[in-house]
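Peer 1: Please find one structure pasted underneath; my questions will follow.
Numbering (this note's numbering), first residue to last: 12 to 309.
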């Protein structure tokens, strides 16, 4: 059953920019976030409190959070890999954090140097401390549709990891196609399995467009009743530990689809396009979003 409204979680400032080869100035990141919130996006993943050794683009997370013009209706979130990251986020006034678990053992070890069960133990501590601090936690399950290291991932494992995240306190779990391998039938299989472990209302979907399937997968998700989708302005992003994975589902492309279906998001597409044009001018290469490219060709 399709809903008439959808929540778009904008991940461009974090998931989108983290792999950019050239450093993006702090002031430009701040301006990008401010433009996204002005476009009507109500959930924005701003940065990550991670080791700058591993993700140098996120080294200025504290400064970015200190400078953004926070709007009362917008959720400004940060990725945290452990308690140290959580405490840094709290010191920066962050009220929502994201934690990443994987559904495949190989990717978990490559991404965070911990196996699945060890990572879940780490996140139980993060969630317990977040509850004490009044910080909401959003979970992610990476490699939910396939792993670049381990290959096929059983849907049952995705459901188990999602359930573990909800049981430790996550309010929502983004089931993530890390390498852009998912197809609509598989979306149906995985969502059905995860919905057997946690409420459908707590499931979000996160697609990459590596094989051109992202919007088709969104359609499958909509038909299943999933109401929350991650996307990145301009189609920014990829994953540093997933060879060949291209950009995230572009927010513009998602909005164009949803608008055509009569589904409300509350986002102003024209202002979003302006935000994408701004960040494109700062990263020094073209953005892949089809809707964005069409708008620039006029």
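Built from N, CA and C at the ideal position, the CB exists for glycine as well.
With respect to the alpha helix (DSSP H) encompassing residue 232, which residues constitute its N-terminal and C-terminal limits?
Peer 2: Run containing residue 232: 225–235, per the alpha helix (DSSP H) assignment.
Peer 1: Is residue 40 buried or exposed, if buried means 16 or more other CB atoms sit within 10 Å of its CB?
Peer 2: The residue in question, residue 40, is buried, as its Cβ has 16 or more Cβ neighbours within 10 Å.
Peer 1: Please name the residue or residues paired with residue 217 in a DSSP beta bridge.
Peer 2: Bridge partners of residue 217: 187 and 241.
Peer 1: So, do the region 73–83 and the region 118–136 have three or more beta carbon pairs nearer to each other than 8 Å?
Peer 2: No, because fewer than three Cβ pairs between the region 73–83 and the region 118–136 fall closer than 8 Å, the two stretches do not touch.
Peer 1: So, is residue 24 buried or exposed, given that buried needs 16 or more other C-beta atoms within 10 angstroms?
Peer 2: Residue 24 should be labelled buried.
Peer 1: Assign residue 263 to buried or exposed, taking buried as 16 or more other Cβ atoms, counted over all protein chains shown, within 10 Å of its Cβ.
Peer 2: Buried.
Peer 1: State the start and end residues of the unbroken alpha helix (DSSP H) segment that holds residue 300.
Peer 2: From DSSP, residue 300 is part of no alpha helix (DSSP H); its letter is neither H nor E.
Peer 1: Starting from residue 150 and walking both ways along the beta strand (DSSP E), at which residues does that stretch end?
Peer 2: Per DSSP, residue 150 belongs to the beta strand (DSSP E) from 147–153.
Peer 1: Which residue marks the beginning of the alpha helix (DSSP H) containing residue 111, and which one marks its end?
Peer 2: Counting along the chain, residue 111 falls outside any alpha helix (DSSP H), though it belongs to the beta strand (DSSP E) covering 107–113.
Peer 1: Can you check DSSP and say which residues form a bridge with residue 325?
Peer 2: The question about residue 325 has no answer here: the residues shown for the chain are numbered 12 through 309.
Peer 1: How is residue 86 classed by DSSP in three states: helix, strand or coil?
Peer 2: Three-state DSSP puts residue 86 in a strand.
Peer 1: Kindly list the residues whose CB is nearer than 7 Å to the CB of residue 50, restricted to its own chain and excluding five residues on each side of it in sequence; keep chain order.
Peer 2: Closer than 7 Å at Cβ, skipping near neighbours: 278, 279, 282, 283 and 286.
Peer 1: Between residue 231 and residue 179, what straight-line distance do the alpha-carbon atoms span, to the nearest angstrom?
Peer 2: Approximately 28 Å, taken between the alpha carbons.
Peer 1: Going by beta carbon distance, what residues of the same chain come within less than 8 Å of residue 45, once the five residues before and after it are set aside?
Peer 2: Excluding sequence neighbours, residue 45 sits near 79 and 80.
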